[in-house]
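Sequence lines, in order, name chains H and E. Per our numbering: the first sequence = residues 4 to 208. Per our numbering: the second sequence = residues 4 to 208. Heads up, the beta-carbon is just placed ideally off N, CA and C, and yes, glycines get one too. Note sheet for the following structure.
Number of protein chains: 2
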Amino acid sequence: MKIGILISGRGSNMVAIAEAVRDGAIPDSDVAVVVSDKSKAPGLEKARELGIETVVVTRKKRSREEHDAEIVSELKKHGVELVCLAGYMRLLSAGFVRAFPNRILNIHPSLLPSFKGLHAHEQAIQYGVKISGCTVHFVDEHLDHGAIILQKAVEVRDGDDADSLSKRIIVHEHAAYVEAVRRIAAGEIVIKGRRVNTKAITHDD
Amino acid sequence: MKIGILISGRGSNMVAIAEAVRDGAIPDSDVAVVVSDKSKAPGLEKARELGIETVVVTRKKRSREEHDAEIVSELKKHGVELVCLAGYMRLLSAGFVRAFPNRILNIHPSLLPSFKGLHAHEQAIQYGVKISGCTVHFVDEHLDHGAIILQKAVEVRDGDDADSLSKRIIVHEHAAYVEAVRRIAAGEIVIKGRRVNTKAITHDD
């Protein structure tokens, strides 16, 4: 399976996926391209160190649709079959979502539907939850909204601030994102509306 | 510590708390009264079997404030210091909340702030979360909103419906509610805004 990864920053989840592909934890797959909307995203250098082709597609003064069309074109040119957002800081247009139906993933550092959007760790700390975590989900046109593939719960401790909580959650993000991509690459999941289940293994499979 | 418990139905969390008090898991405490707003709540009979005094205070055609004032009066008459809602199906008025500042608890069968209100299990199933759970929290005038004391995460499985999920969560509700009441009875918690922390134990305590 050819994977394309979108980043805007350091892309630590991109690195986790790329290393899992390299090490065979995500089998029969290849990270075909890493696309950044920021020319100075630190993740670009890391991708090159991992031997992955990188492309920068900045928004400039274009509409979201025009920007997304160029990104989709780059992904298609590289034969991408699965798109992983890894700290990509933009909402996708309807056109982008339609170009990869049920084939765009995102990870969010909370147990959705709690604490959508920016500063999820800070939101969790402010609310005073005792359990937060991370969510790997399919991407639709709404913010942090698509069907959920996998969640991991992470304890919030008394002395936590957004920084210490984010450091505890990110470890689980890497593991969760790799596991979700592996399941999709292995064809193990079935989607029914908002529910994403594990395919029953039969002798015919 | 004298505990008063409010129910509207079968009150399984009421039974869990009452048994924990009886067995010493919640030490130095006493369930002084169980109040129901429904004369036919099945929990009333269970409370009597446990040797607990019961009072029925129906709403009749009164305002919420008048109804609550009578309940508060019953609780005060029984010397209640901590109020536990256990399947009590009404929002409390501001007057009720003010009568027991930081001394009213509720349990909700989700990881708040997700899935507030009625049919929390069904909401979780419909949304397609992979992790749900339960939350013990202080009660304020807003629905399922006050500061969180304790949460327990519970896995949602592929074949789950609201019924099977509720049966898996209720076990954790009983344990979580008992543990939260124990902590409060033992004076182990400190409240800072929305954050409820464990008091640091020092030699002066």
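- request: May I have the straight-line CA-CA distance separating H/A28 from H/M4, to the nearest angstrom?
  value: 13 Å
Next item on the list: Express the C-alpha separation of H/V132 and H/L88 in angstroms, rounding to a whole number.
Entry: 26 Å
According to the neighbour-count rule (16 or more other Cβ atoms, all chains shown, within 10 Å of its Cβ), is E/S135 buried or exposed? buried
### Query
Would you call the CB atoms of E/G90 and E/G14 closer than 7 Å?
yes
Practice item. Please report the residue range of the alpha helix (DSSP H) in which H/K170 lies. Key: 165–188
key: Nearest residue (CA-CA) to H/G190, options H/V181, H/Y180, H/T201, H/G196   = H/T201
**Residue span of the beta strand (DSSP E) that contains E/I20, given as start and end** = Looking at the DSSP string, E/I20 is not in any beta strand (DSSP E); the run it does join, the alpha helix (DSSP H), is 15–25.
Give a yes or no on whether the minimum CB-CB distance between E/R65 and chain H is below 7 Å.
no
task = Tell me whether E/K63 is buried or exposed, calling it buried when 16 or more other Cβ atoms sit within 10 Å of its Cβ.
result = exposed
Below-7 Å beta-carbon distance, H/L95 vs any chain E residue: no
- Task: Please look up how many angstroms separate the CB atoms of H/I194 and H/A165, rounded, as I've assumed it's under 8 Å.
- Result: Actually they are not in contact, since the Cβ atoms of H/I194 and H/A165 sit about 33 Å apart, beyond 8 Å.
The alpha helix (DSSP H) enclosing H/H124, as first and last residue numbers
123–130
Within 7 Å of any Cβ in chain H, is that where the Cβ of E/K133 sits? yes
Of all Cβ atoms in chain E, is any one closer than 7 Å to the Cβ of H/L108?
no
**Prompt:** Does any CB atom of chain H fall closer than 7 Å to the CB of E/Q154?
**Reply:** yes
Return the chain-ordered list of same chain residues with a C-beta closer than 7 Å to the C-beta of E/A72, the five sequence neighbours on each side being excluded.
G98
Notebook entry, point to check: What residues in the region 114–129 of chain E bring their beta carbon closer than 9 Å to a beta carbon of chain H?
Noted result: L114, L115, P116, S117, F118, I128, Q129
H/E56 (DSSP reduced to helix, strand or coil): coil
**Asked** By how many angstroms is the C-alpha of H/V139 removed from the C-alpha of H/A183?
**Response** 7 Å
Please look up how many angstroms separate the CB atoms of H/P116 and E/S117, rounded, as I've assumed it's under 8 Å. 5 Å
Using CA coordinates, which residue listed in H/T57, H/R93, H/L94 is at the minimum distance from H/K80? H/T57
Counting only Cβ-Cβ distances shorter than 7 Å, please list the residues of the region 146–175 of chain H near chain B, keeping chain order.
Of the protein chains in this structure, namely H and E, none is chain B.
Practice task
Would you please verify whether the beta carbon of H/N200 is less than 7 Å from any beta carbon of chain E?
Solution key: yes
Cβ distance (whole Å) where E/A127 is taken to contact E/L153 below 8 Å: Incorrect: roughly 19 Å between the Cβ atoms, too far for contact.
Compute the distance between the beta-carbons of H/A3 and H/I10, then report whether it is under 7 Å. No statement about residue 3 of chain H is possible, as the shown extent of chain H runs from 4 to 208 and does not include it.
Cβ-Cβ distance between H/V38 and H/V60 below 7 Å: yes
**Prompt:** Residues of chain E with CB under 8 Å from H/R197, in chain order?
**Reply:** Q129, Y130, G131
Legend entry - Secondary structure of E/F99, DSSP reduced to three states: helix
Q) Is the beta carbon of E/V157 sitting closer than 7 Å to the one on E/H177? A) no
Interface residues of chain E facing H/G27 [CB-CB closer than 7 Å]: Under the 7 Å cutoff, chain E gives no residues; its nearest Cβ is about 26 Å from H/G27.
Given a threshold of 16 other Cβ atoms within 10 Å of its Cβ, counted over all protein chains shown, does E/A203 qualify as buried or as exposed? exposed
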